[in-house]
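These protein sequences, in sequence, are chains L and U. The opening position of the first sequence corresponds to residue 1418 in my numbering, with each subsequent residue numbered one higher. The opening position of the second sequence corresponds to residue 41 in my numbering, with each subsequent residue numbered one higher. Here's the structure we're looking at; comments come further down.
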Amino acid sequence: MDLDFAIKCIPLFWAAGKLTVTLAFFGIILSLVIGFICAVLQYYRIPFLKQLAGIYIELARNTPLMVQLFFLFFGLPRLGILIPGKTCAIIGLAFLGGAYMAEAFRGGFSAVGKTQLEAGLSLGLSRLQLLRYVIFPQALAVSLPVISASTIFLMKETSVFSIVALPDLMYLAKDLLKEGHSIESNLMLVISYLVIILPVSLFFAYLERRARFAGFGS
Amino acid sequence: MSETMIENINLSKQEEEQREKPSLEDRPIVICARDIVKSFGERLILKGISVNVHHGEVLVVIGPSGCGKSTLLRCLNGLEPIDSGEIELDGELLTKPGTNWNLVRQKIGMVFQNYELFPHLNVMDNILLGPIKVQKRKKTEAKQKASAWLERVGLLDRADSYPRELSGGQKQRVAIVRALTMAPEVMLFDEVTASLDPEMVREVLDVMLSLASQGLTMVIVTHEMGFAKAVADKIIFMDEGHIVENAPPDVFFNNPETSRAKKFLNMFEFKGIKKV
Chain L
1418 MDLDFAIKCI
1428 PLFWAAGKLT
1438 VTLAFFGIIL
1448 SLVIGFICAV
1458 LQYYRIPFLK
1468 QLAGIYIELA
1478 RNTPLMVQLF
1488 FLFFGLPRLG
1498 ILIPGKTCAI
1508 IGLAFLGGAY
1518 MAEAFRGGFS
1528 AVGKTQLEAG
1538 LSLGLSRLQL
1548 LRYVIFPQAL
1558 AVSLPVISAS
1568 TIFLMKETSV
1578 FSIVALPDLM
1588 YLAKDLLKEG
1598 HSIESNLMLV
1608 ISYLVIILPV
1618 SLFFAYLERR
1628 ARFAGFGS
Chain U
41 MSETMIENIN
51 LSKQEEEQRE
61 KPSLEDRPIV
71 ICARDIVKSF
81 GERLILKGIS
91 VNVHHGEVLV
101 VIGPSGCGKS
111 TLLRCLNGLE
121 PIDSGEIELD
131 GELLTKPGTN
141 WNLVRQKIGM
151 VFQNYELFPH
161 LNVMDNILLG
171 PIKVQKRKKT
181 EAKQKASAWL
191 ERVGLLDRAD
201 SYPRELSGGQ
211 KQRVAIVRAL
221 TMAPEVMLFD
231 EVTASLDPEM
241 VREVLDVMLS
251 LASQGLTMVI
261 VTHEMGFAKA
271 VADKIIFMDE
281 GHIVENAPPD
291 VFFNNPETSR
301 AKKFLNMFEF
311 KGIKKV
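Next up, the structure:
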């Protein structure tokens, strides 16, 4: 193994890693927003929109991200809609992730008992206030493990971004592979993903502990 | 609760009533319910209930499980929509389209059997949520009032505790304070001691007795017969969705008119029953 080469590659991996992190960040933030909105629509059983959210969730969860990206990057231009690669990646990740986050929030919402809602209502809270002050904080604590798992899953899913010609970590590794540095590039790839994802994992583990210590449900 | 305690409470309450009274029936009506019908699916729960709650009155609703007494309470503050009938609060019809129930519920406080404190908020924040977010009161003023109430129920030192750190009786006292700080015109109590250990029942009932003696308008659903006798101005006995009896407590407990009520009251009597 050529360690010198691996070390020389660090700036390349740093740049590629930054792109991966940026795309993942925006994609995941958007997926949280989409997921939350879908879960609220389903929770409050808003006619029509609730069904729409249901269809979206099934569509997004049951098709691979690679296929979704193909559709965005190669399919839509055929219809005259051109979307830049980075935007495609973020939309794709948010589309897939939104469905997972919706399920995470849905689980949390349904864990908040009906009687808690009644207690809030009987204080005169509006539905929006109820959501903000009573349901959401309790639901979030319950949803956290699933949100955490989905976030890590989505970060790993970014490895398919290279198919829309984005110079992310996977793309770079494949490039180096072609030049005959398979071991070095593989090693750097593993390290890069670990460096990015492990802190996120640890951070969520910390949050989950905090939520557990809050001792809800009593 | 010992008999002498109840007698004492009874006496002090009678004394107070004699001092302040215009008779209850002459006072303005706070809640007026007419012909309330409510069903869950095929099951008819309330079969035409009519009841008036006067200002300062303590109305106690008793009856066997499943007779509809909790449902009646929940209909009064709109937690359950009714099938037909009318409900008025201070003469204003509530059972019409366009009623702002959020506003109505600020005037009708409710306390639940299982406390229903918000587990993610500490005692003070549980209490302040309504006054600050709903009534938009100033935090310092609301906090002052909340502290005064907490002190009255002996829980000021628990203001920073979370619900999980409290006993059942303490939780229920906080729940009562939470409803009271909204300064409601009437309070609904839905079997608030049913989940409590016997020794905790008393601490909650004491709070309610003191509220009653201060002239708070209350509708109480309970299985505590001794307490009902002590606190009530009027007893309503319900069975199978009907009001079977509507009488002052001494009349109801000493001389129930219907055989159904007699049978119900006998369930609480153990005199003459001997272990074989």
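Note that beta-carbon positions come from the ideal geometry of N, C-alpha and C, so glycine has one too. Keep in mind it's a predicted model, so treat the numbers as computed, not measured.
7 angstroms Cβ shell around residue i - same chain, five flanking residues per side excluded
i, result
"ILE46 (chain U)", "Summary for ILE46 (chain U): the model assigns pLDDT 46, below 50, so the residue's position carries little reliability; its value from the coordinates is reported in the next sentence. Cβ within range, chain order: GLY266, LYS269, ALA270."
"SER42 (chain U)", "Bear in mind that a pLDDT of 47 at SER42 (chain U), under 50, signals an unreliable position, so the number given afterwards is only what the model happens to contain. Closer than 7 angstroms at the Cβ level, and outside the excluded window around SER42 (chain U), lies no residue."
"ALA1456 (chain L)", "ALA1519, PHE1522, ARG1523, PHE1526"
"VAL1502 (chain L)", "The residue asked about is misnamed: residue 1502 (chain L) is Gly in this sequence, not Val. Cβ neighbours of GLY1502 (chain L) beyond the five flanking positions: PHE1490, VAL1581, ALA1582, LEU1583."
"ALA1628 (chain L)", "ALA1558, LEU1561"
"GLY1467 (chain L)", "Inspection of the sequence shows that residue 1467 (chain L) is occupied by Lys rather than by Gly. Cβ neighbours of LYS1467 (chain L) beyond the five flanking positions: LEU1458, GLN1459."
"LEU1589 (chain L)", "LEU1429, PHE1430, ALA1433"
"LEU157 (chain U)", "ASN166, PRO203, LYS211, VAL214, ALA215"
"LEU84 (chain U)", "GLY281"
"THR111 (chain U)", "LYS78, ILE85, LEU86, GLU120"
Cβ distance (whole Å) where residue i is taken to contact residue j below 8 angstroms
i, j, result
"VAL241 (chain U)", "GLU264 (chain U)", "7 angstroms"
"VAL232 (chain U)", "VAL244 (chain U)", "6 angstroms"
"VAL1551 (chain L)", "LEU1542 (chain L)", "7 angstroms"
"PRO1584 (chain L)", "ALA1433 (chain L)", "6 angstroms"
"ALA1477 (chain L)", "LEU1513 (chain L)", "5 angstroms"
"LEU1606 (chain L)", "LEU1586 (chain L)", "6 angstroms"
"VAL259 (chain U)", "LEU116 (chain U)", "7 angstroms"
"LYS78 (chain U)", "ASP123 (chain U)", "6 angstroms"
"ILE69 (chain U)", "VAL93 (chain U)", "7 angstroms"
Amino acids of chain L, ordered along the chain, whose beta-carbon sits closer than 7 angstroms to that of residue i
i, result
"GLU231 (chain U)", "Simply none; closest approach about 13 angstroms."
"MET150 (chain U)", "SER1539"
"GLU181 (chain U)", "The premise fails here: GLU181 (chain U) is roughly 18 angstroms from chain L at the closest Cβ pair, so nothing lies under 7 angstroms."
Interface residues of chain U facing residue i [CB-CB closer than 8 angstroms]
i, result
"GLY1497 (chain L)", "In chain order: nothing, as chain U lies at least about 49 angstroms away."
"GLN1459 (chain L)", "The contacting residues do not exist; GLN1459 (chain L) stays about 22 angstroms from chain U at best."
Sequence-distant residues of its chain with Cβ nearer than 6 angstroms to residue i (five each side left out)
i, result
"ARG114 (chain U)", "GLU120"
"GLY1634 (chain L)", "Any reading at GLY1634 (chain L) must be qualified, since the residue scores a pLDDT of 40, below 50, and its modelled position is unreliable; no value is offered."
"LYS109 (chain U)", "VAL101, GLY103, VAL261, MET278"
"PRO289 (chain U)", "LYS269, ALA272, ILE275"
"LYS173 (chain U)", "none"
"ARG218 (chain U)", "ASN166, ILE167"
"GLY1497 (chain L)", "none"
"PHE1453 (chain L)", "PHE1522"
"MET164 (chain U)", "ALA199"
"ILE1446 (chain L)", "none"
"PHE1443 (chain L)", "ILE1507"
Min CB distance residue i to chain A below 9 angstroms
i, result
"SER1618 (chain L)", "Absent here is chain A; the protein component of the structure consists of chains L and U."
Under 9 angstroms from the C-beta of residue i: neighbouring residues of chain L
i, result
"ARG145 (chain U)", "LEU1538, SER1539, LEU1540, GLY1541, LEU1542"
"HIS117 (chain U)", "In the sequence as displayed, the identity of residue 117 (chain U) is Asn instead of His. Simply LEU1538, SER1539."
"PHE158 (chain U)", "GLN1533, ALA1536, GLY1537, TYR1550, VAL1551, PRO1554, GLN1555"
Cutoff 8 angstroms; reference residue i; Cβ partners in own chain excluding five residues on either side
i, result
"PRO224 (chain U)", "GLN146, LYS147, ILE148, GLY149"
"LEU1493 (chain L)", "LEU1499, ILE1500"
"LEU51 (chain U)", "In this prediction, LEU51 (chain U) scores a pLDDT of 48, lower than 50, which makes its location untrustworthy; the coordinate-derived value is nonetheless stated afterwards. Counting only Cβ-Cβ distances below 8 angstroms, and skipping sequence neighbours, we find nothing."
"THR44 (chain U)", "Residue placement at THR44 (chain U) cannot be trusted, given a pLDDT of 47 that sits under 50; the coordinates are not used to answer."
"PHE308 (chain U)", "MET265"
"GLY208 (chain U)", "TYR155, SER235, LEU236, ASP237, MET240"
"VAL1438 (chain L)", "ILE1613"
Chain L contact residues for residue i, given Cβ-Cβ distances below 8 angstroms
i, result
"PHE80 (chain U)", "Ordered by position in chain L, no residue passes the 8 angstroms Cβ test against PHE80 (chain U), which lies about 14 angstroms from the chain."
"ASN154 (chain U)", "THR1532"
"MET317 (chain U)", "No answer is possible for residue 317 (chain U): the residues shown for chain U start at 41 and end at 316."
Residue i CB to nearest heavy atom of the ligand GDP below 8 angstroms
i, result
"ASP66 (chain U)", "With respect to small molecules bound, the structure shown includes none, and the ligand GDP cannot be examined in it."
Cross-chain neighbours of residue i in chain U, by beta carbon under 7 angstroms
i, result
"GLN1485 (chain L)", "By Cβ distance, chain U contributes nothing, its closest Cβ being about 36 angstroms from GLN1485 (chain L), past 7 angstroms."
Under 9 angstroms by beta carbon: chain U residues contacting residue i
i, result
"GLN1546 (chain L)", "ASN142, LEU169, LYS173, VAL174"
Residues within the segment 1548-1565 of chain L neighbouring chain U, beta-carbon criterion of under 8 angstroms:
TYR1550, VAL1551, PRO1554, GLN1555, ALA1558
Of all the residues that make up the segment 160-174 of chain U, which are near chain L by a beta-carbon distance shorter than 7 angstroms?
Cβ contacts with chain L come from HIS160, LEU169, GLY170, LYS173, VAL174.
Going along the chain, which residues of the segment 254-271 of chain U sit with their C-beta nearer than 8 angstroms to a C-beta in chain L?
none
Along the segment 1517-1541 of chain L, what residues have a CB closer than 9 angstroms to any CB found in chain U?
GLY1530, THR1532, GLN1533, GLU1535, ALA1536, GLY1537, LEU1538, SER1539, LEU1540, GLY1541
Specify whether the segment 246-254 of chain U and the segment 1561-1580 of chain L touch according to this definition: at least 3 beta carbon pairs, one from each stretch, less than 8 angstroms apart.
no
Counting pairs of Cβ atoms below 8 angstroms between the segment 168-177 of chain U and the segment 116-133 of chain U, do you hit three or more?
no
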